[in-house]
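Below is one structure, written out as structure tokens, with a few remarks after it.
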Amino acid sequence: MLFRDRVLQVVSRIPPGRVATYGDVARMAGRARAARAVGTILRTATRRGLPYHRVVAAGGGLGGYGGHAEFKAALLAAEGIVVRKGRIQQFRQHLWPSPGK
DNA sequence: AAACTGACCAACG
DNA sequence: CCGTTGGCCAGTT
């Protein structure tokens, strides 16, 4: 199975209202250090019309959305995630699969 | 086939 | 808290 497909599968399993970081997705997809590649993959995916907006940057930033970060923020907001000053509030708690500590 | 490009990230200064 | 640096890897040119 292509790395791309595993990434898309993993992302599609992120429950609404939760988010995962690029690095986490990379890890779940089997390539712990491929966070960057995940970015390229999701970008092409968006171009295909798949709204993979639940993947955010480590540290609470939004990451990108092919130049449509506003839309991404709106989608997250619709799922109950508060984004302010480009940062996700209570980022740690929305994190999936595990809020960590 | 080789080089370039980024929705990344952690570590420094 | 910002900018830089080096490493990473799939996709695109």
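The opening position of the first sequence corresponds to residue 276 in our numbering, with each subsequent residue numbered one higher. We put the beta carbon where it would ideally sit given N, CA and C, even for glycine.
Take residue i as the anchor and find which of the options has the nearest alpha-carbon.
i    : options                   : result
K360 : W371, L370 and G338       : G338
P290 : G334, V330 and L325       : V330
G335 : R367, R279, R308 and P326 : R367
K320 : M276, Q284 and Q365       : Sequence check: residue 320 is Ala here, not Lys. The shortest Cα separation from A320 among M276, Q284 and Q365 belongs to Q284.
G324 : T296, V300 and H343       : H343
What does the alpha-carbon distance come out to for the pair residue i and residue j?
i    : j    : result
H328 : G355 : 13 Å
R281 : R288 : 11 Å
I316 : W371 : 20 Å
M276 : Q365 : 35 Å
R322 : R308 : 24 Å
List the residues that DSSP assigns as beta-bridge partners of residue i.
i    : result
R367 : None, per the DSSP bridge assignment.
T296 : V331
R362 : G336 and R359
Please list, in chain order, all residues of the same chain as residue i whose beta carbon is under 8 Å from its beta carbon, the five residues on each side excluded.
i    : result
H369 : G292, R293, V294, I356 and I363
G341 : R318, T321 and R322
Below 7 Å CB to CB, which residues in the same chain sit around residue i once its five sequence neighbours on both sides are set aside?
i    : result
G298 : A310 and A333
A352 : V358
G314 : Y297
Three-pair Cβ contact test at 8 Å for the stretch 296 to 310 versus the stretch 348 to 360: Judged by Cβ distances under 8 Å, the stretch 296 to 310 makes no contact with the stretch 348 to 360, as fewer than three pairs qualify.
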